[in-house]
Amino acid sequence: MLRYTLQRIVYMLITLFIIATLTFFLMKLLPGSPLKSQDKLTPEQVTIINEKYGLNDPLPVQYVHYIANLAKGDLGLSFQYDNRPVSEMIAGRIGPSAQLGLQALIIGSIVGLILGIIAAIKHNTFFDYGATFLAVLGISIPSFVFAGFMQFVLGVKLQLLPVALWEGFIYTIMPTIALSGFVIANISRFMRTELLEVMASDYIMLAKAKGISQSGIIIKHAIRNALIPVITIIGPLAVNIMTGSLVIERIFAIPGLGEQFVKSINMNDYTVIMGTTIFYSALFVFIIFVVDILYGVVDPRIRLAGGKK
Amino acid sequence: MEQKQLDNLPSDLFRPAAGKGDLERIGRPSLSYWQDAWIRLKKNKGAIFGLVVVILITLLAIFAPILSSHTYREQNLALSKLPPKIPVLENIGFLGVDGKDKDGFDVYKAKNVKEYYWFGTDDLGRDQWVRVWQGTRISLLIAVVAALIDLFIGIIYGGIAGFYGGRTDNIMMRIIEILIGIPSLIIVILFILIFKPGVTSIILAMVITGWTGMARIVRGQILKMKEQEFVLASKTLGAANSRLIGKHLIPNVLGPIIVTTMFTVPGAIFTEAFLSFIGLGIAPPQASLGALVNDGFRFIQTYPYQLIIPSIVISLLILSFNLLGDGLRDALDPKMRK
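Chains as they are written, first to last, in the working numbering: chain A, 1 to 309; chain B, 1001 to 1338.
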């Protein structure tokens, strides 16, 4: 297990390093500079400002500085927002995003599991078809369309929930539902397939032969084994929520990280784009790492095979 | 003793078994793989619904902008923000296509407009009917081209890795593993920031990260296939590697390839819409479905039809591709034959 964990950590660091390098050189290809109104500045002023952002050094020196700063958690200064440190800007925005993301992931997982279990137990009945249909809808309808639909029906027409903004729990309901749609659909589909497969296996038949009740079999034997592979899709789903939050936060005017990222893209605030990209990537890589480790913990076959799936 | 009795049985106790010829009869017509798949697909109502809708939307996307008297960029401020009005359907109240705005005010009468704008007009007086189908055209174009390039690269890369195996495979798969570790959306966003939004750059950005899925599937299938006897037979008869890959292996892994492509297309439609949403999509006056939905959000309270119609089209399109893909996955799997 230790060997497996170490191997995963090394992989994680390599990936992060590649992402950081890639981001740096891609951003250097972009036109533009931190100067807002370049024409009005004298050449001396331009030099001074470039000096402040370290833009006068040759590229390799900039790169080394950048990687060294990154290791210290320093993401540079914003080009647009009066030199605020990017790391500070990210820290200030992470709260609402984290809350929304966790709510969506937890609620989505619970609802998805329940739907999937019902569909599998009531296989080939009305419930099964209903749950399957819901899952296809959840995968097909983009979160922003769903968000717009809810805003229109629940917010504008029925006036049950606030249309947008971020002023308390009630404001989180619509964005959470919009983000969790995809999670619900995926988990329920996956759970249904896994559970059906487990229910057809020999040890379930043995349990039946021993006279254990249907509910006992499902709770004690079937669900626990079907849950193991479901862990693997938590990673991709978390990533989906992260990307989904970019648009959802914009639609609902939530002061989160995604909203800031979209804004910085539209304002050409390169250091903020770079910093947020790296932050998102690090989070992504970390989630994959945690999922891999968790999977190794619950399924001994993985770690015995030396980390090869 | 017993044996002797059996030997002495008189021959008139025997008669020929009836219906001998029947045993040799072929019970059902022999079907090719594709006929068989088509029969299974036809039984799946969802898949047929998906197929019909995909064909319908594609036809509309191709022909609606050509046949209309308006163009997607023609503006007429005098006729801006007209609600949808469709002949015949206008008499069915709850559909809301009677040319009245949300307060029940007949804008067509007030502005003295005789023409019917089926999907209404936007804030610049452009015909939404044409814009929606023009947008669908762009979205479909981007998605299909991206999926085809993915397919092309994926088959070559996965085919080589799977066929040659060993160290080649090992190196090629490590490269893919690193690419998969990078969140694809980040790459797409950075790429479009550098190469300015446009149809080509969006397609390229999606391909950069998109081909890995196809490559992995092709590799896995080829690895499984190449150990089989018919490949060995062909090899023994002196077939070259290119012939083995092109004639024997690829046709046999076509099923999973088609299914994967079917799921790539809706994914690409979604990604394009997403990019439009964060301001990196198709620039006006061109339209894509995502851009139209995004524009529609501005008028959610006042002119909701501008949001609702493109939303329905994009959802229906993605839904149909997913249903069709699901159906094809079952239909193209020979193990599902009953």
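The C-beta atom is built at its ideal place from N, Cα and C for all residues, glycine as well.
Reduced DSSP secondary structure (H/G/I, E/B, other) of residue i
{"i": "aspartate 1169 of chain B", "result": "helix"}
{"i": "threonine 5 of chain A", "result": "helix"}
{"i": "aspartate 269 of chain A", "result": "coil"}
{"i": "leucine 77 of chain A", "result": "strand"}
{"i": "aspartate 1012 of chain B", "result": "helix"}
{"i": "aspartate 1122 of chain B", "result": "coil"}
{"i": "lysine 308 of chain A", "result": "Confidence at lysine 308 of chain A is low in this model, with a pLDDT of 42, below 50, so the placement of that residue is unreliable and no value is reported for it."}
{"i": "proline 85 of chain A", "result": "strand"}
{"i": "aspartate 1106 of chain B", "result": "strand"}
{"i": "aspartate 1036 of chain B", "result": "helix"}
{"i": "lysine 1235 of chain B", "result": "helix"}
{"i": "aspartate 1333 of chain B", "result": "coil"}
{"i": "aspartate 1295 of chain B", "result": "helix"}
{"i": "lysine 1085 of chain B", "result": "strand"}
{"i": "aspartate 57 of chain A", "result": "coil"}
{"i": "aspartate 299 of chain A", "result": "coil"}
Any C-beta of chain B under 8 Å from that of residue i
{"i": "glutamine 99 of chain A", "result": "no"}
{"i": "asparagine 56 of chain A", "result": "no"}
{"i": "threonine 193 of chain A", "result": "no"}
{"i": "threonine 213 of chain A", "result": "The question names threonine, but residue 213 of chain A is serine in the sequence shown. For serine 213 of chain A, the answer is no, since every Cβ of chain B falls outside 8 Å of its Cβ."}
{"i": "threonine 271 of chain A", "result": "no"}
{"i": "proline 142 of chain A", "result": "yes"}
{"i": "phenylalanine 152 of chain A", "result": "yes"}
{"i": "valine 310 of chain A", "result": "Residue 310 of chain A is absent from the structure shown; chain A starts at 1 and stops at 309."}
{"i": "threonine 243 of chain A", "result": "yes"}
{"i": "threonine 172 of chain A", "result": "no"}
{"i": "leucine 30 of chain A", "result": "yes"}
{"i": "leucine 246 of chain A", "result": "yes"}
{"i": "lysine 308 of chain A", "result": "For lysine 308 of chain A, the predicted structure reports a pLDDT of 42, less than 50, and the residue's modelled location is therefore unreliable. A value from the coordinates is still provided. False, the Cβ-Cβ gap to chain B never drops below 8 Å."}
{"i": "asparagine 186 of chain A", "result": "no"}
{"i": "asparagine 69 of chain A", "result": "no"}
{"i": "threonine 23 of chain A", "result": "yes"}
Chain A within 8 Å of residue i, Cβ atoms only
{"i": "lysine 1338 of chain B", "result": "Bear in mind that the predicted position of lysine 1338 of chain B carries a pLDDT of just 47, short of 50, making it too unreliable to give a figure here."}
{"i": "proline 1183 of chain B", "result": "yes"}
{"i": "valine 1190 of chain B", "result": "Going by the sequence as given, residue 1190 of chain B is leucine instead of valine. At least one chain A Cβ lies under 8 Å of leucine 1190 of chain B."}
{"i": "alanine 1147 of chain B", "result": "no"}
{"i": "phenylalanine 1277 of chain B", "result": "yes"}
{"i": "glycine 1198 of chain B", "result": "no"}
{"i": "isoleucine 1178 of chain B", "result": "yes"}
{"i": "isoleucine 1349 of chain B", "result": "What the structure shows of chain B is the stretch from 1001 to 1338, and residue 1349 of chain B is not part of that stretch, so it cannot be assessed."}
{"i": "phenylalanine 1049 of chain B", "result": "no"}
{"i": "phenylalanine 1274 of chain B", "result": "yes"}
{"i": "isoleucine 1208 of chain B", "result": "no"}
{"i": "serine 1069 of chain B", "result": "no"}
Burial state of residue i (16 or more Cβ within 10 Å)
{"i": "arginine 1028 of chain B", "result": "exposed"}
{"i": "glycine 1325 of chain B", "result": "buried"}
{"i": "tryptophan 1133 of chain B", "result": "buried"}
{"i": "phenylalanine 240 of chain A", "result": "For the sequence presented, residue 240 of chain A should be read as asparagine rather than phenylalanine. So asparagine 240 of chain A ends up on the buried side."}
{"i": "valine 298 of chain A", "result": "exposed"}
{"i": "leucine 102 of chain A", "result": "exposed"}
{"i": "phenylalanine 17 of chain A", "result": "exposed"}
{"i": "lysine 116 of chain A", "result": "Sequence inspection shows glycine at residue 116 of chain A; the lysine mentioned does not correspond to that position. Looking at its Cβ environment, which holds 16 or more other Cβ atoms inside 10 Å, glycine 116 of chain A is buried."}
{"i": "histidine 123 of chain A", "result": "exposed"}
{"i": "glycine 1213 of chain B", "result": "buried"}
{"i": "proline 43 of chain A", "result": "exposed"}
{"i": "alanine 71 of chain A", "result": "exposed"}
{"i": "valine 145 of chain A", "result": "buried"}
Whether residue i touches residue j by CB criterion (8 Å)
{"i": "arginine 1131 of chain B", "j": "leucine 1244 of chain B", "result": "no"}
{"i": "isoleucine 233 of chain A", "j": "leucine 294 of chain A", "result": "no"}
{"i": "lysine 1289 of chain B", "j": "alanine 1273 of chain B", "result": "Strictly speaking, residue 1289 of chain B in this sequence is leucine, with lysine absent from that position. It is a contact, given that the beta carbons lie within the stated cut-off."}
{"i": "alanine 104 of chain A", "j": "threonine 176 of chain A", "result": "yes"}
{"i": "threonine 47 of chain A", "j": "leucine 100 of chain A", "result": "no"}
{"i": "isoleucine 1257 of chain B", "j": "leucine 1151 of chain B", "result": "yes"}
{"i": "glycine 244 of chain A", "j": "isoleucine 287 of chain A", "result": "no"}
{"i": "glycine 1210 of chain B", "j": "threonine 1136 of chain B", "result": "no"}
{"i": "isoleucine 1186 of chain B", "j": "serine 281 of chain A", "result": "yes"}
{"i": "isoleucine 278 of chain A", "j": "isoleucine 94 of chain A", "result": "no"}
{"i": "glycine 296 of chain A", "j": "phenylalanine 1297 of chain B", "result": "no"}
{"i": "glycine 138 of chain A", "j": "isoleucine 184 of chain A", "result": "yes"}
{"i": "alanine 98 of chain A", "j": "alanine 164 of chain A", "result": "no"}
Residues, ordered as in the chain, of the region 1293 to 1327 of chain B that lie near chain A by beta-carbon distance below 7 Å: Val1293, Phe1297, Ile1300, Gln1301, Pro1304, Leu1307, Ser1311, Ile1314, Ser1315, Ile1318, Leu1319, Asn1322 and Leu1323
Against chain A: residues of the region 1252 to 1271 of chain B by CB proximity under 8 Å: Pro1266 and Phe1270
Residues within the region 275 to 299 of chain A neighbouring chain B, beta-carbon criterion of under 8 Å: Thr277, Tyr280, Ser281, Phe284, Val285 and Ile288
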